[in-house]
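>
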Amino acid sequence: MLDRRLVLVSGKGGVGKSAVAAGYALMAQRHGLRVLAIEMESGRGLSAHFGIPDLAFKPKEVRPGLYAMHMVRSEALLEYLSLQLRLPGMGRFGAVARAFDALATAAPAVREIVTIGKILWEVREDKWDVVVVDAPPTGQIASYLRAPTSISELVTTGRIRGQADWMADVLADPQMTQLLLVSLAEELPVSETRETLDWVNETGFVEPPLVLANRILDEFSEDVSQHPEVDEMATLHRSLHASQEHWLTELRPDLELPKLFGLFTPTEVAAHLSDLLEDLK
Amino acid sequence: MTRAILVTGSGGVGKTTVSAAIAINAARLGLRTLVVTVDPARRLADALGITDLGDEPQPHEREPNLWAAMLDSAKSWRAVAIRHADPDVAIRLADNEFFKAASEHFPASQSYAAADQAATFVQAKAWDLVVVDTPPSAGGIDFFTAPSQMADLVGGRLLRLLTGGPLPGRRFFYDRAAKPMLRVADTILGNDLLQRVSEFLLDLRTTYDGVASRGREIERVLSEASILVVTTADPAPLAEAVRFYRQLPELASVPTAVVFNRALPTRWADLAPDPQMSAATGRLIQSWSSETLRQSDARDEFSSRYGATVATVPWSPEAPVDIEGLAALLDNAVGIPWDDLFPSGVA
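Protein sequence lines correspond, in order, to chains A and B. Positions in the first sequence are counted from 1; adding 637 to them yields this note's numbering. Positions in the second sequence are counted from 1; adding 3 to them yields this note's numbering.
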């Protein structure tokens, strides 16, 4: 698993995918790898788990050998344009980049190719052993994974055409790319995960993902009926556990991660997960 | 007059369940109530009597005064724009590949369609109360910003950026020598793509007046509605709830209440294992009492820091699976400001 160059972590909103992405990045860093962690969405997902106030487009070293950045589409685009056109003075291209961005709203896959493209350029660079991405949620991941292929179909002559082809190859290469889907053992996350699995199997844009079930309760089987209030807790715990067991049979995860109770900070959660993710095969 | 309640919050906090429970309680108080939901879990859809995927309100089979409708998440602003286009433009737009893509990809698109549909139900004046479970895309804030975003998008921002001037003639797009943007786009994307996009944008531009005035109407309807923010005490949804609570007054109105779902009994916070108990029992008690403490900290902070009205809905071991279970969900809820949500004299 640790020889994969690109690890994309997705899942339905609210299942803890940022924590898992941060945990994976920390785990890889502990193994001495040079890691770039990328937060795709706005918000403070990864930065909170690394215990820093915020992330910028420029990678910041958050642990020795572990860098983290926040994907900003306009900056990714500006960087791409200046590299592609080899033009100095990017400043005056600000307006062009904004216009291009507006255009991208209307053209399928163009907006996604800018960000997934930036990720894949980083993967191709020899700077990192692994790029870990706190990716968009499962509802949107399809349009990112599909983007290089869509561009190839849509664009007939532009320079982006050839780039899109190698990008699609990197995504589809099982030695390079691993998609992790985080889910909870609940109805809606399970059904969304299964839909994503079906879509991946049908389209083949990436190899079959690994599925992680998050916040799993352990079994509690003791008789505590002599303590009514504890018994109340046990009743809630058992019914949640039973419901999780049901959804786990539907989900069939590759790894179960326990629910971390109580007063952990996001940094502590990520550190716990980094230990637990050692079991990922 | 039709009252509306907009139920916001991030995905997975039980927003749909809470919306349904409020609607059933309202219906049982004699209010003609429509609950509008998005992509409910199958058992919840069954409980509400939603059998097909249509967005037409259906009366509930056994529950007088209750109607349910589902927001069609596949539907988007394409339908709205096409409605406001001249017939021949509408035909071109309906088949346009870029319009399909833009509808799917522009984040506000589904929210716009949902807001439009919800406003239509409120304006129909057929119900006393319309309870809207807002779509989870971007957690529901989109629902309030989408109308003006759409008008802005259609209103030629694209065209102005592309051309640097007011609405041009079609030839203008191909005047590449004058436009570095177009040179850049040509190099990277190819000329043909740009041409097709520009033709589409010119068609879209013609729908502006219709879309913009409908957008203002939708915003007016939304601003008159009561808003509930549903959350749990988990860090991610809680951060979202704080963001909503602070942004909503500017976008629509001050939320009526913040509803903490899946609340544990507060007395659990004080339970501690005694020495005779087994290690497993000790862990059980520590786990759930610390969880309870975290919940009450979150609620206290919300009310003291932001001055919010905070309500709690207790965690029921079994998720409600039928209409009686849904109705009972709020029996032990604390602090829901019914008087502010329902027409006066009902609650």
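For every residue, glycine included, the Cβ atom is placed at its ideal position computed from N, Cα and C. Here the structure is a predicted model, which is why all the values come from computation and not from measurement.
Is there contact between the region 891-898 of chain A and the region 309-321 of chain B, where contact requires at least three CB pairs shorter than 8 Å?
Too few Cβ pairs lie closer than 8 Å, so no.
> Quick check on B:Pro138 - is its C-beta less than 8 Å from some C-beta in chain A?
Here residue 138 of chain B refers to the residue found at position 135 when the second sequence is read from its first residue. Taking Cβ atoms only, chain A never reaches closer than 8 Å to B:Pro138, which makes this a no.
> Within 10 angstroms of its Cβ, does A:Leu720 collect 16 or more other Cβ (buried), or is it exposed?
Position 83 of the first sequence, counting from 1, holds the residue named residue 720 of chain A. Result: exposed.
> Do we get a CB-CB distance below 8 Å when we pair B:Ala283 with the residues of chain A?
In the second sequence, residue 283 of chain B corresponds to position 280, counting from 1. So yes, B:Ala283 belongs to the interface.
> CB-CB under 6 Å to A:Ser911, same chain, minus the five flanking residues each way: which ones, in chain order?
For the purposes of this step, residue 911 of chain A is taken as the residue at position 274 of the first sequence. Counting only Cβ-Cβ distances below 6 Å, and skipping sequence neighbours, we find Gly660, Leu663, Met664.
> Just mark A:Lys764 as buried or exposed, buried being the case when its beta carbon has 16 or more other beta carbons within 10 Å.
Counting from 1 along the first sequence, the entry for residue 764 of chain A is found at position 127. With fewer than 16 other Cβ atoms within 10 Å, it is exposed.
> Excluding the five sequence neighbours on either side, which residues of its own chain have a C-beta within less than 8 Å of the C-beta of A:His909, listed in chain order?
Working through the first sequence from its first residue, we reach residue 909 of chain A at position 272. For A:His909, where only same-chain residues beyond five positions count, the Cβ hits under 8 Å are Gly660, Leu897, Phe901.
> Taking the alpha-carbon positions, what's the A:Glu844 to A:Ser780 distance?
Your numbering for residue 844 of chain A matches position 207 in the first sequence. Your numbering for residue 780 of chain A matches position 143 in the first sequence. Cα to Cα, the separation comes out at about 16 Å.
> Mind checking which residues open and close the beta strand (DSSP E) that includes B:Pro278?
In the second sequence, residue 278 of chain B corresponds to position 275, counting from 1. Where B:Pro278 is concerned, there is no enclosing beta strand (DSSP E), given that its DSSP letter is neither H nor E.
> In terms of residues, what are the limits of the alpha helix (DSSP H) holding A:Glu905?
Taking the first residue of the first sequence as 1, we reach residue 905 of chain A at position 268. It spans 903-913 - the alpha helix (DSSP H) in which A:Glu905 sits, taken as one unbroken run.
> Whose CA, out of B:Ser226, B:Val261, B:Ala330, B:Ala275, lies closest to the CA of B:Pro252?
In the second sequence, counting from the first residue as 1, residue 252 of chain B sits at position 249. Of the candidates B:Ser226, B:Val261, B:Ala330, B:Ala275, the one whose C-alpha sits nearest the C-alpha of B:Pro252 is B:Ser226.
> For chain A, is any of its Cβ atoms less than 8 Å away from the one on B:Gly14?
Numbered from 1 along the second sequence, position 11 holds the residue referred to as residue 14 of chain B. Judged by the 8 Å Cβ criterion, B:Gly14 is in contact with chain A.
> In its own chain, which residues sit with a C-beta less than 8 Å from the C-beta of A:Ile797, not counting the 5 before and 5 after it?
Here residue 797 of chain A refers to the residue found at position 160 when the first sequence is read from its first residue. Answer for A:Ile797: Ile750, Ile788, listed in chain order.
> Give the list of continuous alpha helix (DSSP H) stretches no shorter than 4 residues that lie fully inside the region 274-342 of chain B.
Qualifying alpha helix (DSSP H) stretches, in chain order: 282-309, 326-331.
> DSSP on A:Phe842, reduced to helix/strand/coil?
In the first sequence, the residue the question calls residue 842 of chain A occupies position 205. Three-state DSSP puts A:Phe842 in coil, outside helix and strand.
> Would you tell me roughly how many angstroms separate the C-alpha atoms of A:Asn851 and B:Pro340, rounded to the nearest one?
Residue numbering aside, residue 851 of chain A sits at position 214 when the first sequence is read from its first letter. Residue numbering aside, residue 340 of chain B sits at position 337 when the second sequence is read from its first letter. About 35 Å.
> Can you list, in chain order, the residues of its chain with a C-beta nearer than 6 Å to that of A:Pro826? Leave out the 5 residues immediately preceding and following it.
In the first sequence, the residue the question calls residue 826 of chain A occupies position 189. Result list for A:Pro826: Lys649, Val652, Ser820, in chain order.
> Measuring only between beta-carbons, confirm whether A:Met870 sits less than 8 Å from chain B.
Position 233 of the first sequence, counted from the start, is the residue given in the question as residue 870 of chain A. By this cut-off, A:Met870 is an interface position.
> So for A:Gly648, helix, strand or coil by DSSP?
Within the first sequence, numbered from 1, the residue matching residue 648 of chain A stands at position 11. Looking at A:Gly648 - three-state DSSP - the assignment turns out to be strand.
> Using DSSP bridges, identify the partner residues of A:Ile675.
Here residue 675 of chain A corresponds to residue number 38 of the first sequence, with the count starting at 1. Paired residue(s): A:Met706, A:Val770.
> Going by CA-CA distance only, name the one from B:Ala228, B:Arg223, B:Thr36 that's closest to B:His63.
Within the second sequence, residue 63 of chain B is the residue found at index 60, counting from 1. Closest option to B:His63, Cα to Cα, is B:Thr36.
> Over what stretch of residues does the beta strand (DSSP E) that includes B:Met73 continue unbroken?
In the second sequence, counting from the first residue as 1, residue 73 of chain B sits at position 70. It spans 69-73 - the beta strand (DSSP E) in which B:Met73 sits, taken as one unbroken run.
> Could you check which residue in A:Met708, A:Pro701, A:Gly702 has the C-alpha nearest to that of A:Asp691?
Here residue 691 of chain A refers to the residue found at position 54 of the first sequence. Residue A:Met708 is the option with its Cα nearest to A:Asp691.
> In or out: B:Thr166 buried (at least 16 other Cβ within 10 Å) or exposed?
For the purposes of this step, residue 166 of chain B is taken as residue 163 along the second sequence, with counting starting at 1. With a pLDDT of 48 at B:Thr166, under the threshold of 50, the modelled position of this residue cannot be trusted, and the question is left open.
> With H, G and I counted as helix, E and B as strand and the rest as coil, what does DSSP make of B:Leu267?
For the purposes of this step, residue 267 of chain B is taken as the residue at position 264 of the second sequence. Correct three-state label for B:Leu267: coil.
> Is there a Cβ of chain A sitting closer than 8 Å to that of B:Glu123, yes or no?
In the second sequence, counting from the first residue as 1, residue 123 of chain B sits at position 120. It is worth fixing the name first, because residue 123 of chain B is Thr in this sequence and not Glu. Not closer than 8 Å to any Cβ of chain A, the Cβ of B:Thr123 fails to qualify, so no.
> Nearest to B:Leu332 by CA position, among B:Gly218, B:Val262, B:Leu296, B:Gln279, is which residue?
Numbered from 1 along the second sequence, position 329 holds the residue referred to as residue 332 of chain B. It is B:Val262 whose Cα lies nearest to the Cα of B:Leu332.
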